[in-house]
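Report on the structure given below.
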Amino acid sequence: MSRMILFRLLSNVRAVAVVAFMVAMPVDAMAELVADFYAGKTITIYVGFTAGGGYDLYARQLAPFLTKHIPGRPAVIVKNMPGAGSLKLAVYMQNVAPRDGTELATVSRGAPAEALLAGNRIKFDPVISNWIGSMNNEVSICALMAQSGAATLEDLKKREFLLGTQGIGSDSALFAVFIKNLFGAKLKILTGYSGTNESILAMERGEVDGNCGWSWSTAKQTHPHWFRDKTVNIIMQMALSKHPDLPDVPAVTEFARNHDEKSQIDLVLSRQLMGRPFFAPPAVPPERIAALRKAFMDAMKDFEFTDAAEKANLEINPVPGEEVQALVERLFKAPAHVVAATRKNTEF
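Structure, rendered in structure tokens:
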């Protein structure tokens, strides 16, 4: 039996024990236990990308409000650990981070699917991680500078276009190669930009033509003038359903030509439910995970938080940790033939 399979079996046993533990322990006693642990401590939220990008902005917006709602009111600080489209941080959380609830992470929403598609090449198992919640469900866009001449998927099939991306495994890289392989788009994909800001700056400088994994919530906040002035063309929405802001822009699902293609799109784009996900390492005590999940959702409903997020033009439609956890587990139950076909179409 492989070490990973054994780890998952033990995690399933632990999950049953967690439920029994939670039912048996009175709520007040559990809160007191958590408060005793966190009092005087500092929680670090690591961001898998550089400062100034969307994930970083969301994490820094959350931090001062999260501390208000965690029993014991620990300090909450934010640090950046970029690399490999946030997979460097995911691997750190799996293998190095302390299992006590003092370190959390926000990584690419695509990290769980990337771990599935990469098989054993990535030492990160999302199923045994503890998902705390997501600050929104996300729609990304595939956008190219208008001066490139590309406005539709058919245009992308006529000649080569250069797309800037973060590391392999980031949304921008994965979505671009998926469009290239599934639909025959003539895309040349340039990896290596350290964050979304850097890849969008590359568009502005004319180094690349576009980006196919740009979060709409970030794009409309940081570059509203590009869309107002039609500096960029949005080719498609990288999501399973359209954003209300973009009713006339096709979703990638509309281009599926058969059921198998639709199933592959579902697998790749299901990540959008966890638009800005936060998680803790495996084996953190269950009462702390429960407290962190509750604190997360309480922070999302905090009037001061929602007011600050609105002023910062950050889109907030939170997803509870339990729903994110269920989605991750469902991803890893996808049929083998769908996973194999998707893996082929997401290979560089």
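Every letter in the sequence shown is one number past the one before it in my numbering, and letter 222, counting from 1, is 204. Using N, Cα and C, we set each Cβ at its ideal position, and we do this for glycine too.
Check, Outcome
"Own chain residues within Cβ distance below 8 Å of Lys326, not counting five before or after", "Asn163"
"Candidates Pro206, Thr134, Arg253 and Lys168: closest to Leu144 by CA position", "Lys168"
"Reduced DSSP secondary structure (H/G/I, E/B, other) of Gly54", "coil"
"Buried versus exposed, by CB contacts within 10 Å (16 or more), Ser152", "buried"
"Whether Pro263 touches Met75 by CB criterion (7 Å)", "yes"
"Simplified DSSP state of Lys61, which is helix, strand or coil", "strand"
"Beta-ladder partner(s) of Gln219, from DSSP", "Ile123 and Ala233"
"For Tyr28, three-class secondary structure by DSSP", "strand"
"Boundaries of the alpha helix (DSSP H) in which Phe358 is found, first to last residue", "Residue 358 is absent from the structure shown; the chain starts at -17 and stops at 330."
"6 Å Cβ shell around Gly35 - same chain, five flanking residues per side excluded", "Gly177, Thr178 and Asn179"
"Ala272, DSSP secondary structure in three states", "helix"
"Close-in-space but distant-in-sequence residues of the same chain around Arg258 (CB under 6 Å, 5 per side omitted)", "Tyr40, Ser116, Met117 and Asn118"
"4-residue-minimum alpha helix (DSSP H) runs that sit fully inside the stretch 122 to 177, ordered along the chain", "135 to 138 and 153 to 165"
"Between the CA atoms of Arg187 and Leu69 - distance to the nearest angstrom", "27 Å"
"Length of the line joining the Cα atoms of Val231 and Cys124", "10 Å"
"Endpoints, the beta strand (DSSP E) within which Glu297 is located", "Looking at the DSSP string, Glu297 is not in any beta strand (DSSP E), and its letter there is neither H nor E."
"Run of the alpha helix (DSSP H) containing Ala95, from where it starts to where it stops", "Ala93 to Ala100"
"Of the residues Thr204, Gly303 and His319, the one placed nearest Leu296, counting alpha carbons only", "Thr204"
"Separation of Arg210 from Ala(-1), as counted between CA atoms", "In this prediction, Ala(-1) scores a pLDDT of 47, lower than 50, which makes its location untrustworthy; the coordinate-derived value is nonetheless stated afterwards. One C-alpha to the other measures close to 54 Å."
"Beta bridge counterpart(s) of Phe261 as assigned by DSSP", "Ala87 and Trp113"
"Which of helix, strand or coil DSSP assigns to Gly192", "strand"
"Spatial distance of Ala272 from Ala13 (CA atoms)", "10 Å"
"Length of the line joining the Cα atoms of Thr24 and Leu228", "41 Å"
"Proximity winner among Met218, Asp248 and Asp191, relative to Ser197 (alpha-carbon distances)", "Met218"
"Inter-stretch contact at 8 Å, needing at least 3 Cβ pairs: the stretch 59 to 66 / the stretch 279 to 287", "no"
"Sequence-distant residues of its chain with Cβ nearer than 7 Å to Tyr20 (five each side left out)", "Ile52, Pro53, Gly54 and Pro56"
"Nearest-angstrom beta carbon gap, Gln254 and Trp113 [assumed within contact, 8 Å]", "The pair is not a contact, with the Cβ atoms about 15 Å apart (cut-off 8 Å)."
"Cβ neighbour criterion (16 or more within 10 Å) applied to Pro289", "For clarity, residue 289 is Asp in the given sequence; the question names Pro instead. Asp289 should be labelled exposed."
"Pro317, DSSP secondary structure in three states", "coil"
"Among Phe160, Leu135, Ser111 and Thr173, the one whose alpha carbon lies nearest that of Gln148", "Thr173"
"Terminal residues of the alpha helix (DSSP H) in which Asp242 lies", "His241 to Leu251"
"Collapsed DSSP secondary structure at Val78 in the structure displayed", "coil"
"Proximity of Phe336 and Pro64 at Cβ, strictly below 7 Å", "Outside the shown range of the chain (-17 to 330) lies residue 336, about which nothing can therefore be said."
"Same chain only: Cβ atoms within 8 Å of Lys140, ignoring 5 sequence neighbours per side", "Lys168"
"Contacting residues, own chain, Cβ-Cβ under 8 Å from Thr49 (five flanking each side not counted)", "Ile25, Arg55, Pro56, Ala57 and Val58"
"With 16 other Cβ atoms within 10 Å as the buried cut-off, status of Ala318", "exposed"
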